[in-house]
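**Student:** In the numbering used here, the protein residues as written are 2 to 315. Glycine residues also receive a C-beta, built at the ideal position from the N, C-alpha and C atoms. Before I ask anything, let me first share the structure, which is written out below as structure tokens.
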Amino acid sequence: MQKGKTPVTLYLLLVLVMASWGLNVTATKILVAHFPPITMTAFRIFTAAIVVFIFLIAIGKFRLPTRRELGYIVAGSLFNIFIHHYFLASGLTMTSGTNGGLILGIGPVLTAILAVIFLREAISAGQLIGLVAGLLGVSIVVLTGGQGLSGISLGDIYVFIAILSQCFSFIIIKRIAGTLDTRLMTAYMLLIGSVLLFFTSLIKEPDGLAQMSGHSVLMWALFLVSAICATAFGNLIYNFAVGQIGPSKTAIFMNLNPFFSLIGAALFLNEQISWMQILGFILIIIGVVLGSGALTELLRTRNKVRDPEKILDE
């Protein structure tokens, strides 16, 4: 994306990514009921890495990283893939869905704070309102999901570590985005992260490899859809957006995850959606539109269409 070009298309792609990630929550619930969680996650991320590498080779973007870039890639792999997935998988087994959902919901706020500290990003009034509206919307959606809010547990700490590590990885990605294509960085991060998770699975799940066999074609099809759509192209587009529009504006889209997650649960797991959750969804959408700057870009694009001379002046 060239400088000065409206990122409206990128915003739409991010919505599709959040849809794939939200629906992937339902897919993951089904997969972990049949496969060993850490071993399955390692293979899913490794499959995604192969897909991204094939895509990059096809578009002529593959190359070996420099020593400096490799340092950022390793750091990104540790925070974005290994620490995030390991602590998230472990934490969600030790806490309630409500607590876990609320902690994950502070991701955009954490990212904005880290962006101010490490990237010196300025937060506008509109973004601040969007962050608050999104957080409130996520809270309503999660708290009205049928489970009560429980006390702080070790699982809550693990989930917080998971979301904090992921948010910090966005800062790392943005820092190197000027010299390293974030899509290429994503491929290397997925590959290194999957290898780290695999060796961890050998310790945590000694029989994991044996349990990966003997499953139906439908389960493997679901595995491939999760790996290719959500993990491969989801991370590819999301990390590209971090490099283009910044971590805080990109992270606000994460609030859409509960929206699509509940839609997936309603469609495939027969769960009910309440009116309060619909109110929460409305607040989430308002938060995304304001917090990401999408409204400003849409109005800017609309003014260009009305006054073509503005396009020529840029």
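Following the continuous alpha helix (DSSP H) through Q273, name the residue where it begins and the one where it ends.
**Tutor:** Taking the sequence shown and counting its residues from 1, one reaches residue 273 at position 272. First-last for Q273: undefined, no H or E at that position.
**Student:** Determine the contact status of G92 and A163, defining contact as a CB-CB distance below 9 Å.
**Tutor:** The residue given as residue 92 occupies position 91 in the sequence shown. The residue given as residue 163 occupies position 162 in the sequence shown. Yes, Cβ-Cβ distance for G92 and A163 is below 9 Å.
**Student:** Tell me which same chain residues have a C-beta within less than 6 Å of the C-beta of I204, skipping the five on either side of it?
**Tutor:** Here the question's residue 204 lines up with position 203 in the sequence shown. Nothing listed; no residue qualifies.
**Student:** Using the Cβ count rule (16 or more neighbours within 10 Å means buried), how would you classify P207?
**Tutor:** For the purposes of this step, residue 207 is taken as the residue at position 206 of the sequence shown. When all chains shown are included, P207 counts as exposed.
**Student:** Report the rounded CA-to-CA distance for Q273 versus A267, giving the unit in angstroms.
**Tutor:** Translated into positions along the sequence shown, residue 273 becomes position 272. Translated into positions along the sequence shown, residue 267 becomes position 266. Taking the straight line joining both Cα atoms gives about 6 Å.
**Student:** How big is the Cα-Cα spacing for I153 and V142?
**Tutor:** As a first step, residue 153 is located in the sequence shown; it is residue number 152 there, counting from the start. As a first step, residue 142 is located in the sequence shown; it is residue number 141 there, counting from the start. Approximately 20 Å, taken between the alpha carbons.
**Student:** Using DSSP with H/G/I as helix, E/B as strand and the rest coil, what is E315?
**Tutor:** In the sequence shown, counting from the first residue as 1, residue 315 sits at position 314. The predicted position of E315 is uncertain, since its pLDDT is 47 and thus under 50; no value can be drawn from it.
**Student:** On the DSSP letters alone, give me the boundaries of the alpha helix (DSSP H) that L165 sits inside.
**Tutor:** Against the sequence shown, residue 165 aligns to sequence position 164. L165 -> alpha helix (DSSP H) spans L155 to I177.
**Student:** From Y348 to N81, what does the alpha carbon distance come to, in whole angstroms?
**Tutor:** No answer is possible for residue 348: the residues shown for the chain start at 2 and end at 315.
**Student:** Tell me whether T183 sits in a helix, a strand or coil according to DSSP, three-state version.
**Tutor:** Locating residue 183 in the sequence shown gives position 182, where the first residue counts as 1. Reduced to three states, the DSSP call for T183 is helix.
**Student:** Quick check on F241: does DSSP put it in helix, strand or coil?
**Tutor:** One-based indexing of the sequence shown puts residue 241 at position 240. F241: helix per DSSP, three-state reduction.
**Student:** For K62, does the count of other Cβ atoms within 10 angstroms reach 16, so buried, or fall short, so exposed?
**Tutor:** Translated into positions along the sequence shown, residue 62 becomes position 61. With fewer than 16 Cβ atoms within 10 Å of its Cβ, K62 is classed as exposed.
**Student:** Pull up the CB-CB distance for I172 and F119, whole angstroms please, since I reckon it's below 8 Å.
**Tutor:** Looking up residue 172 in the sequence shown gives position 171. Looking up residue 119 in the sequence shown gives position 118. Correct: roughly 5 Å between the Cβ atoms.
**Student:** What is the residue span of the alpha helix (DSSP H) that I141 lies within?
**Tutor:** Within the sequence shown, residue 141 is the residue found at index 140, counting from 1. A126 to L144 is the extent of the alpha helix (DSSP H) around I141.
**Student:** Leaving aside the five residues before and after C230 along the sequence, list all residues of the same chain whose C-beta is less than 7 Å from its C-beta, in chain order.
**Tutor:** In the sequence shown, the residue the question calls residue 230 occupies position 229. These residues qualify, in order along the chain: S21.
**Student:** Compute the Euclidean distance between the alpha carbons of G138 and I285, then round it to the nearest angstrom.
**Tutor:** By 1-based counting over the sequence shown, the position of residue 138 is 137. By 1-based counting over the sequence shown, the position of residue 285 is 284. Each residue's Cα considered, the two are about 5 Å apart.
**Student:** Given this structure, state the Cα-to-Cα distance separating L181 from E70, to the nearest angstrom.
**Tutor:** Here residue 181 refers to the residue found at position 180 of the sequence shown. Here residue 70 refers to the residue found at position 69 of the sequence shown. Taking the straight line joining both Cα atoms gives about 7 Å.
**Student:** Would the stretch 231–238 and the stretch 39–54 be scored as touching if the rule is three or more Cβ pairs under 8 Å?
**Tutor:** The stretch 231–238, when compared against the stretch 39–54, does touch it at the 8 Å Cβ threshold.
**Student:** S249 lies in the alpha helix (DSSP H); which residues open and close that run?
**Tutor:** As a first step, residue 249 must be located in the sequence shown, where it is residue number 248. Its alpha helix (DSSP H) spans residues P248 to A252.
**Student:** To the nearest angstrom, report how far apart F44 and W276 are at their CA atoms.
**Tutor:** In the sequence shown, the residue the question calls residue 44 occupies position 43. In the sequence shown, the residue the question calls residue 276 occupies position 275. F44 and W276: Cα-Cα distance of roughly 39 Å.
**Student:** Can you tell me whether L65 is helix, strand or coil according to DSSP?
**Tutor:** In the sequence shown, residue 65 corresponds to position 64, counting from 1. In the structure shown, L65 sits in coil (DSSP, three-state: anything other than H, G, I, E or B).
**Student:** Assign T10 to one of two classes, buried (16 or more other C-beta atoms within 10 Å of its C-beta) or exposed (fewer than that).
**Tutor:** If you number the sequence shown from 1, residue 10 lands on position 9. Exposed.
**Student:** Can you tell me whether A1 is buried or exposed? The criterion is at least 16 other CB atoms within 10 Å of its CB, across all chains shown.
**Tutor:** This structure cannot speak to residue 1, because the chain is shown only from 2 to 315.
**Student:** Which same chain residues end up closer than 8 Å to P37 when comparing Cβ atoms and leaving out the 5 residues on each side of it in sequence?
**Tutor:** Stepping through the sequence shown from its first residue, residue 37 is reached at position 36. The residues are S202, E206, D208, G209, Q212 and M213.
**Student:** Contact between the stretch 240–260 and the stretch 192–199 is defined here as three or more beta-carbon pairs at a separation below 8 Å; is this criterion met?
**Tutor:** Too few Cβ pairs lie closer than 8 Å, so no.
**Student:** Near F269, what residues of its chain come up, given a Cβ to Cβ distance below 6 Å and the 5 sequence neighbours on each side ignored?
**Tutor:** Counting from one through the sequence shown, the residue named residue 269 turns up at place 268. Excluding residues within five positions, the ones whose Cβ falls inside 6 Å are T27.
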